[in-house]
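I have placed the structure first, in the form of C-alpha cells, so that the comments after it can refer back to it.
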Amino acid sequence: SNDTNAAVYIHDAAAGWIPGTLLSSDPASRTARVRVTSSSLDGYLSFGESGGHEVNVDLSGPGYASTEHTLPRMNVHADSGKLVEVSDLCDLSYLNEPAILHNLSVRHGNCLPYTRTGDIVIAVNPYQWMEHLYDAACMNTYAEHYIFAARKENRAKPPPHVYEISSSCYTGLAAESTDQSILVSGESGAGKTETVKILMNHLASLHRQEQSQDTTTDTSHIVQRVLDSNPLLEAFGNAKTTRNDNSSRFGKYIQLQFDNEDPYTAQLKGKRLPNCVLAGSLCKTYLLEKSRVVSHENPERNYHIFYQLLDSPLHFRQKVWPEKLVPPDSLAKQNKPMPPSTFRCLGNPDKILIEGKTDHQNFAKTVDALHLIGIREEKLVSLFRAICVVMQLSNLTFDKDPKDDDRSIIVSQDELKLLADLLGLPSINDIEKALTYRTVVSRNDRVEVPLNVHQAIDVCNAFAKEIYAKVFDWLVRTINQATRAEDTYPHAQEVDKFGIIGLLDIFGFESFKINRFEQLCINYANEKLQQKFTLDTFRSVQAEYEFEGIELADLNFDDNADVLNLIEGRMGFIAVLNEECIRPRGNDLAFVQKVYAMNGTGADTPLVDNRFYKNDEFGIKHYAGPVKYNATHFVQKNTDIIPLDLVECASKCTNAIVRAEFAPPPEIPPAKATPGPPGRRKKRGTATVWTKFRSQLAELMDSLSRTRSRYIRCVKPNTQKKPKIMNHASTVEQLRCAGVVAAVTVS
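Per the UniProt record's numbering, the sequence shown starts with residue 1, numbered consecutively.
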C-alpha cells in the first residue's frame, strides 16, 4: 500500500497484527514507516504511548509472506474512521489475513460466534451458552428462511449461524434428493463436538416440525435414541486434557438417515417441499486414543467413564465388583466415591464438572442412555466389569526375578488374584504366565520365552489398551444396532435407499513440542480433508466464475498432493514403515533413514531437511506449516499385536463381552495353499494400524465424495476458556491451518 495516511496493519509476533497509519513507504527497498495507533481500537495491545509511536517496518520479513510483502489495508468507515464489521467476510473491501482476524475479533467481543464466508461458516467458541441462539424460535427462523419459504425472493438473510448449514442440507436432501455432509473441523477445544450436537438437535427439530397430520408414524423415540447416543460416546471416548475438559479422543462420522418422500407425491398433496423423516443413524469411529488408557499427563484425566464408575451409587458398585469398588470402612462412609488413586491408571486428578455435572450425575445419564440401547442388567454389569479389568491391570507391579535379571515376576500377588477373579479364571497361573512369558510358535514346537521387566510392563499395557479399544468398538456396534434405520424404522421395508446427512467431527491438525505416531495419523487425515476442502471451494468458485463469464487464469490455490504422496505413495511413509514392521529386525531409526534416502529433501519436496534433527526425528511441510516428528515406537505402534497367550486367556474368561471380542474369527476352510518363498512368512497376520487407517480414510473420503459437502470451521479464541477474549496470534494460526484465509481470498 502506497497511500500515505492509509489505515494499515503491521505484523507483530505476539499480537498477530496491529493497526497503524502509513506515513511513508518505499516499494523498492520493501520498507515502510508506520505510526502505531492502539487507542483508536479498544481492546488491542497498547503499544507505546497513548499517542502511538512510529516504527520502521521491514516488509521482506516472513511475517509479510501471506500478504505478498505489502502492508495489508484495514477496512475502516470513510467518515468515522471506525473499523468495519461484517457478518459475511466476502463483504470486506480489503480481504487479507489481518482483516479477517480483526473482523472475527470484533464479532467475538460482541458475542457473535458465527461469521459467514460464502458457503462456509466460521464458529468462534464463545465459551458461554447463549440460549437465544439455540431456542425453538431461533431454530424456526432458519428453517422458515432456508427451507419452508426458500423460494420467496428478496428477503434479508438472517445472521450467520450453523443452522443455515443444517437447513441447507435438509433442503438439498428434500428438494434434490442429494445426500449431504457437514464437515466440522478445528483444533482441540474449538467446539467441534458441541457444534455437531447443535446441528443434530436442529435436524431433529426440523423433522418434528414436518411431522404433519398425515404422518401416521411417530418416530420421536427414534430421534431420542439418535440424540442420546452422543453422551454415551462421550462417556467412553472423551477425557479432560490440558486444552479441553471434554475432549473427544476419537474421530466420528455420524450418518443421519432420512426417509425421503418423492417430490411427485409431495406435489400431489400440495406441499411446498417433500417430507423428510429422520429414520435412524449410523456412526463410524476413527483412531481412538488407546495410549490414554495406560498413561496421561498431569492434570489430565483418563476417559470419563472410569471416574463415573468410581462415583456411581454404592449398590451398583457392589453389584459390579465389591472387592475393589466398595470402601471397607464403617457404614457411615460407604456412600463416598472410591478415590481415583485406587487405580494407578487414573492418576489423582481434582474433582471437575463436565458440562456442569459431577461424575456421579453423569453416571446416571450414561446408564439411562445404555438402557435406551438395550444394555441392562447382566450385560450392563459385564460392560462395567470389563472396564474394571482395564483399571486393575494398571495395579500390577513387575520386578526382576531374584534368580535371573532377564526374567520378570509379578510382585503384587493380591492384585493379580483380584484380576484373575474378575476375569473369572480358575487360577492366577494362566494370566501370570501370559504376562511374564511369550510363546513362540515355530513349525514343529512351541517355546516359552521369559520376558524382562520392561517387556512384561509393555505387554500388560498393551492388553489393557486392547481390551478398552475392543469394548469401545463393541459399544459403537451396539449403538448402531439400536439406531440404524434398517433395524428400527417401522417402514424400513418400503424404503429403497435412505437419504443421508453426514456429520464429520474429527480432530484438527496437531503440532506439539513432541509429535508422535498419533499426530502423524491425525495430520494425514487432515491433509486428506484439506485436499477435499480446497477442491470443493475451488470448484464452487470456478462454477460461479464460469456462470458470470469471468476468466479463471490466475486463480491459484495450494495443492497438497505432494504431501499426500509422501505419506501414502509407493515410497512414502506408510509403505516404508509397513516394510520395517515385517523385517525381522525392523526398527524406528532404519525407518527414518529409508524415508530420507528414498524421498530426498530439496526445496520443492515436502520433507524437511534433516541436518537439524536427531536421527530418530523427521519433518514434514504440511499445508498448515512444518511439523517435526519423533519416530520412537513407530514400528511397535504400527504393528500393535497382542501376544497369543493373552488372547487365549481373554477368550477363556467368563466376562461375556471380553470373551466374545477376543474369540478367534470363525474358521474359513483353507484353499489349496501354494508354498511361497521361504523367509516371507511374517507377511500373514493382522494388517498394520496404518494400513487399517488408510483404508478407513479411503472409505470415508469415498462416502463424502457421494455427498454435497458443506463446511464449518471451528476456532478456539483463547486458552483460558473465557468469553470475549481473543488471542490474535493463535487465532490467526488456526485460520491458516483451516485454509480459511485461502478460501476467502479465492471466493
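A virtual CB, placed ideally from N, CA and C, is assigned to each residue, including glycine.
The Cβ neighbour count for residue 264, taken over all protein chains shown within 10 Å, is under 16; the residue is labelled exposed.
For the beta strand (DSSP E) assignment, the uninterrupted runs of no fewer than 3 residues enclosed by the stretch 207-295 are, from N- to C-terminal side, 251-260, 276-286. Assigned with DSSP and collapsed to three states, residue 362 falls in helix. When C-alpha distances from residue 391 are compared across 340, 404, 206, the shortest belongs to 340.
With distances taken between CA atoms, residue 711 lies nearest to 183 out of 117, 195, 63, 183. Contact check for residue 103 against residue 115 passes: the beta carbons are separated by less than 8 angstroms. Judged by DSSP in its simplified three-state form, residue 129 adopts coil rather than helix or strand. Here residue 298 has 347 as same chain residues with Cβ atoms under 7 angstroms from its own Cβ, once five neighbours each way along the sequence are excluded. A direct Cα-to-Cα measurement between residue 647 and residue 476 gives close to 22 angstroms. Shortest Cα-Cα distance from residue 135 to any of 202, 180, 174, 439 involves 202. Fewer than three beta-carbon pairs drawn from the stretch 129-149 and the stretch 732-745 are found closer than 8 angstroms, and the two stretches are therefore not classed as touching. Residue 513 is classed as exposed because its beta carbon has fewer than 16 other beta carbons within 10 Å across all chains shown.
Around the beta carbon of residue 79, fewer than 16 other beta carbons lie within 10 angstroms, which makes this residue exposed. Here residue 115 carries a strand assignment [DSSP, helix/strand/coil]. Rounded to the nearest whole angstrom, the CA to CA distance from residue 588 to residue 580 is 8 angstroms. In the DSSP assignment, residue 69 falls outside any beta strand (DSSP E), carrying neither H nor E. Within the same chain, 237, 238, 239, 288, 289, 292 come within 7 angstroms of residue 249 by CB-CB distance, once the 5 residues on both sides are set aside. About 5 angstroms separates the CB atoms of residue 186 and residue 508; that is less than 8 angstroms, so the two are in contact. Scanning its chain for C-beta atoms nearer than 7 angstroms, with the 5 sequence neighbours on each side dropped, one finds around residue 639 the residues 581, 688, in chain order. Following the DSSP letters along the chain, one finds residue 7 inside the beta strand (DSSP E) bounded by residues 7-12. Under the 10 Å beta carbon count, residue 441 is surrounded by fewer than 16 other beta carbons and is classified as exposed. Looking at the DSSP output, residue 22 sits in a beta bridge with 34. Under the criterion of beta carbons closer than 8 angstroms, residue 515 and residue 628 qualify as touching, at roughly 6 angstroms. Under the three-state reduction of DSSP, residue 179 is assigned to coil, being neither helix nor strand. Judged by DSSP in its simplified three-state form, residue 617 adopts strand. Three or more beta-carbon pairs separated by less than 8 angstroms are not found between the stretch 416-435 and the stretch 242-261, which leaves the two stretches without contact. Between the stretch 651-668 and the stretch 465-479, the count of C-beta pairs closer than 8 angstroms reaches three or more; the two stretches touch. At a cut-off of 3 residues, the continuous stretches assigned as beta strand (DSSP E) that sit fully inside the stretch 599-659 are 617-622, 625-630. Residues 430, 431, 434 of the same chain have their beta carbon placed closer than 6 angstroms to that of residue 649, with the five preceding and five following residues left out of the count. Per DSSP, residue 714 is one residue of the beta strand (DSSP E) stretching across 708-715. For residue 442, the three-state secondary structure derived from DSSP is coil. With respect to the 8 angstroms criterion, residue 389 and residue 643 are not classified as neighbours on the basis of their beta carbons. The stretch 186-200 makes no contact with the stretch 516-535: fewer than 3 CB pairs, one atom from each, lie closer than 8 angstroms.
A contact is defined here as three or more CB-CB pairs under 8 angstroms, and the stretch 317-325 fails this definition with respect to the stretch 261-279. In the structure shown, residue 321 adopts coil according to DSSP, grouped into three states. The straight-line gap separating the alpha-carbon atoms of residue 113 and residue 60 is approximately 35 angstroms.
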